Amino acid sequence: MAAITAKRSWKRKLIGAIVLLAVLAAAGAIFTWYKFFREEPQPDWITSDPEMRFRYGSIGAERDAGIPYWIFVVLPRLFPEKLPGPGGYASLGAPWEQGQELPVGFSKKVVGFARVANNCAACHTATYRKSLNENPTFVNAGNGHTLNLVAFFRFLVDCAKDPRFDADNIMREISLVYDLGFVDSMIYRFVLIPITKKRLLEREQQFAWIYREDFPDWGRGRDDAMNLTKYFMIELPMDDSFGPTDIPAIWNLKKYDGEGTTMNWAGDSHDSYSVIIDSALGLLGAPPKRNSEFLEEVKWLQDYLRAKEPPPYPFPIDQALAAAGKPVFEANCASCHASERTGKRMPLAAVKTDAERIGTWNADNAIAANKVVSSFGIERKGLVEAPLDGYNPPFLDGIWLRAPYLHNGSVPTLRDLLQPPEQRPKVFWRGYDLHDPANVGFVVQGPEAQRIGTRHDTRDRAGSSEGHAFGTALSAGQKNALIEYLKTL
Amino acid sequence: MRWVARILVVLALISVAAVVYLANRFGTDRPVTYADIAEHFKYGSLGGERESGFPYWIWQALPGLCADKLPGEGYRSLGLLYEADKDLPVGVSKRRVLGLDRVFLNCSVCHTSTVRETPESEPRLLLGMPANLFDVMSFQNFFFACAQDSKFTPKRVIAEVERAGGELDLIDRYIVYPLAVFLMQDRIRMLDARFSFAGREAPWGPGRVDTFNFAKAIFNFPMDQIPEHELKGPSDFPSIWLQRPRKDAHMQLHWDGNNVKVEERNLSAAFGAGTTPPTIDHAALDRIEDWLLDLAPPAYPFPVDEAKARRGAQIYAEYCSGCHGATGRDFGGDRVGKVTAIEQIGTDRGRLDSYTYELAANQAQLYTGYEEHRFKHFRKTFGYANMPLDGVWLRAPYLHNGSVPTLRDLLEPASQRPKAFYRGYDVYDQKRVGFVSDVPSEGRRMHFLFDTAVPGNSNRGHEGRPYGTALPAADKDALVEHMKTF
Numbered sequence: 021m022a023a024i025t026a027k028r029s030w031k032r033k034l035i036g037a038i039v040l041l042a043v044l045a046a047a048g049a050i051f052t053w054y055k056f057f058r059e060e061p062q063p064d065w066i067t068s069d070p071e072m073r074f075r076y077g078s079i080g081a082e083r084d085a086g087i088p089y090w091i092f093v094v095l096p097r098l099f100p101e102k103l104p105g106p107g108g109y110a111s112l113g114a115p116w117e118q119g120q121e122l123p124v125g126f127s128k129k130v131v132g133f134a135r136v137a138n139n140c141a142a143c144h145t146a147t148y149r150k151s152l153n154e155n156p157t158f159v160n161a162g163n164g165h166t167l168n169l170v171a172f173f174r175f176l177v178d179c180a181k182d183p184r185f186d187a188d189n190i191m192r193e194i195s196l197v198y199d200l201g202f203v204d205s206m207i208y209r210f211v212l213i214p215i216t217k218k219r220l221l222e223r224e225q226q227f228a229w230i231y232r233e234d235f236p237d238w239g240r241g242r243d244d245a246m247n248l249t250k251y252f253m254i255e256l257p258m259d260d261s262f263g264p265t266d267i268p269a270i271w272n273l274k275k276y277d278g279e280g281t282t283m284n285w286a287g288d289s290h291d292s293y294s295v296i297i298d299s300a301l302g303l304l305g306a307p308p309k310r311n312s313e314f315l316e317e318v319k320w321l322q323d324y325l326r327a328k329e330p331p332p333y334p335f336p337i338d339q340a341l342a343a344a345g346k347p348v349f350e351a352n353c354a355s356c357h358a359s360e361r362t363g364k365r366m367p368l369a370a371v372k373t374d375a376e377r378i379g380t381w382n383a384d385n386a387i388a389a390n391k392v393v394s395s396f397g398i399e400r401k402g403l404v405e406a407p408l409d410g411y412n413p414p415f416l417d418g419i420w421l422r423a424p425y426l427h428n429g430s431v432p433t434l435r436d437l438l439q440p441p442e443q444r445p446k447v448f449w450r451g452y453d454l455h456d457p458a459n460v461g462f463v464v465q466g467p468e469a470q471r472i473g474t475r476h477d478t479r480d481r482a483g484s485s486e487g488h489a490f491g492t493a494l495s496a497g498q499k500n501a502l503i504e505y506l507k508t509l
Numbered sequence: 004m005r006w007v008a009r010i011l012v013v014l015a016l017i018s019v020a021a022v023v024y025l026a027n028r029f030g031t032d033r034p035v036t037y038a039d040i041a042e043h044f045k046y047g048s049l050g051g052e053r054e055s056g057f058p059y060w061i062w063q064a065l066p067g068l069c070a071d072k073l074p075g076e077g078y079r080s081l082g083l084l085y086e087a088d089k090d091l092p093v094g095v096s097k098r099r100v101l102g103l104d105r106v107f108l109n110c111s112v113c114h115t116s117t118v119r120e121t122p123e124s125e126p127r128l129l130l131g132m133p134a135n136l137f138d139v140m141s142f143q144n145f146f147f148a149c150a151q152d153s154k155f156t157p158k159r160v161i162a163e164v165e166r167a168g169g170e171l172d173l174i175d176r177y178i179v180y181p182l183a184v185f186l187m188q189d190r191i192r193m194l195d196a197r198f199s200f201a202g203r204e205a206p207w208g209p210g211r212v213d214t215f216n217f218a219k220a221i222f223n224f225p226m227d228q229i230p231e232h233e234l235k236g237p238s239d240f241p242s243i244w245l246q247r248p249r250k251d252a253h254m255q256l257h258w259d260g261n262n263v264k265v266e267e268r269n270l271s272a273a274f275g276a277g278t279t280p281p282t283i284d285h286a287a288l289d290r291i292e293d294w295l296l297d298l299a300p301p302a303y304p305f306p307v308d309e310a311k312a313r314r315g316a317q318i319y320a321e322y323c324s325g326c327h328g329a330t331g332r333d334f335g336g337d338r339v340g341k342v343t344a345i346e347q348i349g350t351d352r353g354r355l356d357s358y359t360y361e362l363a364a365n366q367a368q369l370y371t372g373y374e375e376h377r378f379k380h381f382r383k384t385f386g387y388a389n390m391p392l393d394g395v396w397l398r399a400p401y402l403h404n405g406s407v408p409t410l411r412d413l414l415e416p417a418s419q420r421p422k423a424f425y426r427g428y429d430v431y432d433q434k435r436v437g438f439v440s441d442v443p444s445e446g447r448r449m450h451f452l453f454d455t456a457v458p459g460n461s462n463r464g465h466e467g468r469p470y471g472t473a474l475p476a477a478d479k480d481a482l483v484e485h486m487k488t489f
C-alpha cells in the first residue's frame with residue numbers, strides 16, 4: 021500500500037515536471053515568436069493608398085535585409101562623419117517628405133521588432149523644384165537623380181566597421197530618443213546590435229568594388245546595377261569592370277508591351293515582370309519567404325507602374341514653338357525614339373556612347389542569374405542570355421525630368437545633348453533638384469549645385485559624354501523648337 | 004546553533020534595511036512641485052533634469068569655482084533673475100533623481116524678464132515676455148569652459164560645494180559627487196561638440212538664441228560642415244502669451260512660421276530645457292501649455308495719451324491690421340499668422356536660412372515611437388510669419404533678430420534706424436516704446452552693443468510706404484501711442 025502510494029506520488033511528480041517543462045517551452049516559443057518573428061501589417065494609410073504604398077509599402081525586404089528600427093534611427097547621429105554632409109539620411113539625397121518619419125523608399129514593418137528596409141521607391145522617386153522658394157515635388161516612379169546610393173551602401177558598412185558600433189554607444193544614443201524598456205533593451209543589446217553588425221560586415225567583401233580608389237564615385241543618381249547583381253546575386257569574384265548608369269524612371273511600363281522590346285539600358289532583361297522580380301530580389305537579399313506573397317506584390321507593382329503616367333511639364337509651354345518642334349523631332353529623333361526600333365538594342369557602333377556599361381555584364385552572367393531565380397521556384401522570362409553589344413534607344417515619355425542624359429548621365433540638359441560631344445560640359449554637379457527650364461534638365465552649376473550635388477567629370481571612367489551626336493547640327497531655332505516639343509512628351 | 008541563526012537573521016534585516024535605504028535614496032524621481040501655476044512656470048520641472056540635470060550643489064558651486072569665467076557676480080551676471088528669498092533663479096527647476104537633487108532649465112528662463120520705470124525703480128518680474136536680459140551663449144560657454152577647466156576636479160568642486168553651504172554626507176562626498184563630476188565632464192564634452200556651431204557665430208547677446216542650429220545639434224549633424232549662410236540665425240526670444248487664438252487659427256508659429264501646431268512647437272522648445280522624448284514630464288508641460296492658452300500680457304503700466312492713441316488706431320487699422328491683427332487681443336486679419344515672402348518683407352534672411360528642408364525632414368523623427376507626439380508639422384518656409392502684437396510694448400527690440408530697439412525706430416526707414424545700440428537693459432523708454440538702448444552699462448554690468456552691420460543682424464526690411472515708414476512724424480507718434488495699449 022505504502023509502496024503504491026509512493027510510486028503514484030513519484031509518477032505525479034514526473035508528470036508535473038513534464039507539464040511544467042512543456043509550459044516553459046511553450047512560453048519560450050511564444051516569446052521567441054512574438055519578439056522575433058510575428059508579423060504586423062503596415063498601417064492603413066500606407067496599404068490603402070497606392071501612392072503611399074509605392075513610397076513606404078513593404079515588399080518583404082525587412083525579414084532578411086531589415087535593420088532594426090532604433091539602430092537605423094540613431095546611426096546618422098552616432099556616425100555623422102560617415103555621411104556626405106549635414107542632414108542625416110537626407111544628406112544621401114534620399115527623397116524625404118516633410119512630416120514622414122522615414123525617407124521615401126524606406127519601409128518600416130514589424131517582424132518581431134520594427135525593422136527598416138527598402139522598396140523600389142528608394143531609387144525610383146524623383147524630386148524637383150521649380151524655384152528656390154518652394155519645397156520639392158515628389159514624383160513616384162521617377163528617376164532617383166538625387167540619391168547617392170553608393171554613399172548609402174558605404175555608410176552602412178563603414179558604421180559596422182567602426183569600433184564605436186557597439187551596444188554601449190548605440191544603446192546610449194537610443195536612450196536619448198526612446199525608452200525601450202527592460203526586455204527590448206536586452207534584446208537590442210545582446211541580440212540585435214551584434215547581429216546587425218555581423219550582417220552588415222558580411223557585405224563588406226561583396227562591396228569591395230565600391231571602395232576601389234581606381235574607380236571614380238558613382239555620384240548622385242547613378243547605380244552600378246549589373247555589378248551589384250554580379251557580386252550579390254550570383255556572387256562572382258570582383259572583376260575590373262565598372263559601369264554606373266542613371267537610375268531610370270520606371271513609369272508607364274506598358275510601353276514595353278511591344279513584341280521584341282527589352283528593358284534596361286542595354287536591353288538586358290526581357291520584360292518588366294522580370295525586371296521587377298530581379299530588382300525586388302536584390303532588395304530582399306534572400307529568397308522570398310513565400311513566393312506567392314512575393315509575386316502578388318510584384319504583380320501589384322507591375323500594374324501600378326504600367327499605368328503610372330509621367331508627370332506633365334510644370335512650367336508653361338510655348339505651344340506654337342512646340343508645334344514647330346514636332347516636325348524636327350519626327351525628322352531627327354523619331355526613327356529611334358518613337359518607332360519600331362525604340363526599346364530594342366542598337367549596336368554600340370551606331371550610337372557611340374560610353375561603352376563601360378556593356379563590359380559589366382555578359383551572357384554567362386545572365387544564365388547564372390536566371391538559374392539563381394529559377395532555383396527559388398520563380399518563373400519569369402528573365403535576363404537576356406546573349407551578348408549585349410549596344411544600348412536600347414529609350415522611349416522619351418517624361419524626358420524633361422529624366423536628366424542628366426545618356427545612359428551614364430553624362431550630359432546635364434537636353435540643350436547640352438544637342439551640342440556636339442566635344443562642346444558638352446566636361447564638369448558639372450548632379451543631384452541638385454532645381455529645374456532649369458531654359459535648358460531642360462537640372463541646375464548643375466553654381467554654389468548650391470556644388471554644395472548639394474556630386475561632381476561629374478566626363479573624363480572619368482564610365483563618365484564620357486561622347487556619342488549620340490544626333491541633332492547636333494540643327495540650327496539654333498530648330499533646337500529651341502525641338503526642346504520645346506520635348507517638354508510635351 | 005541558535006546564535007548562528009540569530010546572526011543570520013540580524014544580517015538579513017541589515018541587508019533589507021540597506022536595500023530599502025539605497026532604493027529610496029537612489030530610486031526616487033521626485034520634482035519639487037508647485038500648486039500655483041505661476042510658481043510652476045517659474046520653478047517647476049519639465050523633466051529635463053533626468054537627462055541633463057546638474058547636481059544642485061555643483062550648480063551652486065560653479066560660480067565660485069570659475070568666477071574668472073563670469074562677466075560679473077554669479078549667475079546674475081549672465082542675465083538670470085533671482086526673486087528675493089530664492090536659492091535658484093527664475094527658469095531653473097529642481098528634481099531629486101538618481102540620489103541627488105539635480106537642476107536644469109524650464110520655459111521661463113527664456114520667457115520671463117523684468118521691467119523698470121527708472122533705474123531706481125524696483126524691477127517688475129513679468130512672466131511670458133521675452134527674456135531680454137538672459138545671455139544664452141555666455142551661459143553655455145560658462146559651463147563648457149568651467150567643466151573643462153583643470154579646476155573642475157572632485158576635490159575642488161567638493162571644497163567649493165562646502166563653501167557654498169552644501170553639507171554632503173559620506174555617500175555623497177565620496178561616491179555620488181565625485182562620480183557626478185566625471186559624468187558632468189563627459190556630458191558637457193558631448194554637448195560642447197554638438198553645440199560647437201555657436202563658436203562660429205558672432206555673439207548673440209542677451210535675449211537671443213539660434214534655435215534651429217540647436218535643433219540640428221539634436222541630430223548631431225556635423226556642425227563643422229554647416230554652410231556659412233545657415234549660421235546667421237540668432238533671433239529674439241518671443242513672448243508666449245495668448246496661445247489659444249494662435250492655435251485656433253492654425254497660425255504659422257516661430258519667426259519663419261515653420262510649424263502650425265502649438266503642441267509640437269512646445270515640445271520642440273522643451274528640448275532647450277534639456278528634455279528628451281523618454282524623459283520629458285508631459286503632465287508638467289501640459290499644465291504650462293494650458294495656462295499659456297489664455298495668459299494675457301500685462302497692460303502698459305505708464306500713462307497713455309488717449310486722444311493721440313485714438314488717432315493712431317485709425318492709422319493702425321489702415322497700415323498694420325491686415326498682417327498684425329485688429330488689436331492686441333483680436334488677431335483677425337487676412338494675413339495674420341501667415342508667412343510673407345522674404346523678397347517682400349525684406350528683413351534679414353539669416354534666421355530664415357538657418358532653417359533647412361533637411362532639418363524639417365529629420366524633425367519628423369522627433370518623438371518617434373510616441374506616435375501621438377511625433378512631429379509631423381515642421382515645414383521649410385520662404386519668408387517670415389506676420390505676428391499678432393499682443394503685449395508688443397514688452398517685445399522690444401523689434402524684428403525677428405531684435406535689430407531695431409524701439410517701435411518708433413521701426414517706423415523709420417532702415418537707413419535712419421540706429422546702426423548700433425545697447426541691449427540687455429530693463430529700464431523702459433516710454434517715449435520711443437522699447438527698452439532704453441543708449442546706456443552702455445549699469446554699475447558693473449555691461450550691456451551688449453548690438454551692431455547691425457554684423458551678418459544676421461541687419462535692421463533692414465519691413466519698410467516703405469505700406470509699412471508706415473513714410474508717414475509724417477506726428478502720425479508715427481500716434482501709431483506708437485496706440486500700440487502701447489496692445
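Heads up: the protein sequence lines correspond to chains A and B, in order. Using this note's numbering, the first residue of the first sequence is number 21, and each one after it goes up by one. Using this note's numbering, the first residue of the second sequence is number 4, and each one after it goes up by one. For glycine and all other residues, C-beta sits at the position ideal for the given N, C-alpha and C. This one's a predicted model, so the numbers in the text were calculated from it and none came from an experiment.
- Taking all protein chains in view, the Cβ of residue 354(B) is crowded by 16 or more other Cβ atoms within 10 Å, so the residue is classified as buried.
- Residue contact with chain A for residue 281(B): present (Cβ-Cβ distance below 9 angstroms to some residue of chain A).
- Those residues of the segment 338 to 358 of chain B placed with their C-beta closer than 9 angstroms to a C-beta in chain A are 344, 345 and 346, ordered along the chain.
- In the three-state DSSP reduction, residue 485(B) falls in the helix class (H, G or I).
- Remark: C-beta atoms of residue 169(A) and residue 271(A) do not approach each other more closely than 9 angstroms.
- Straight-line measurement puts the Cα of residue 436(A) at about 15 angstroms from the Cα of residue 373(A).
- Around the beta-carbon of residue 393(B), 16 or more other beta-carbon atoms lie within 10 Å, marking it buried.
- Distances from the alpha-carbon of residue 30(B) to those of 101(B), 16(B) and 376(B) put 101(B) closest.
- According to the DSSP secondary-structure assignment, residue 344(B) is paired through a beta bridge with 386(B).
- Remark: C-beta atoms of residue 146(A) and residue 136(A) do not approach each other more closely than 9 angstroms.
- Following the DSSP letters along the chain, one finds residue 425(B) inside the beta strand (DSSP E) bounded by residues 423 to 426.
- Interface annotation for the segment 52 to 66 of chain A against chain B: empty, criterion Cβ-Cβ distance under 9 angstroms.
- Rounded to the nearest angstrom, the gap between the Cα atoms of residue 295(A) and residue 257(B) is 47 angstroms.
- Residue 383(B) belongs to the set of residues whose beta carbon lies under 9 angstroms from a beta carbon in chain A.
- Residue-level contact check: residue 111(A) touches chain B, since one or more beta carbons of chain B fall below 9 angstroms from its beta carbon.
- Taking residue 48(B) as reference, the option from 381(B), 291(B) and 407(B) with the minimal CA-CA separation is 291(B).
- Look at residue 116(A): its C-beta is under 9 angstroms from a C-beta on chain B.
- Proximity of chain B to residue 119(A) at the Cβ level (cut-off 7 angstroms) is accounted for by 367, 379 and 380, in chain order.
- No Cβ-Cβ contact shorter than 9 angstroms links residue 467(B) with residue 476(B).
- Boundaries of the beta strand (DSSP E) around residue 34(B): 32 to 34.
- What residue 229(B) touches in chain A, judged by beta-carbon distance under 7 angstroms, is 106, going in chain order.
- Looking at the DSSP output, residue 445(B) shares a beta bridge with 448(B).
- Pairing residue 480(A) with residue 236(A) gives a Cβ-Cβ distance under 9 angstroms.
- In the DSSP assignment, residue 191(A) forms no beta bridge with any residue.
- Between residue 386(A) and residue 368(A), the gap from beta carbon to beta carbon reaches 9 angstroms or more.
- The beta carbon of residue 471(A) falls within 9 angstroms of a beta carbon belonging to chain B, placing the residue at that interface.
- Residue 194(B) carries a helical assignment under DSSP once its states are collapsed to helix, strand and coil.
- The Cβ atoms of residue 379(A) and residue 261(A) lie closer than 9 angstroms to each other.
- A straight line joining the alpha-carbon of residue 43(A) with that of residue 132(A) spans about 21 angstroms.
- Taking residue 491(A) as the centre and dropping the five residues before and after it, the same chain places the C-beta of 352 and 438 closer than 6 angstroms to its C-beta, in chain order.
- Restricting attention to 505(A), 463(A), 311(A) and 499(A), the CA atom closest to the CA of residue 343(A) is found in 505(A).
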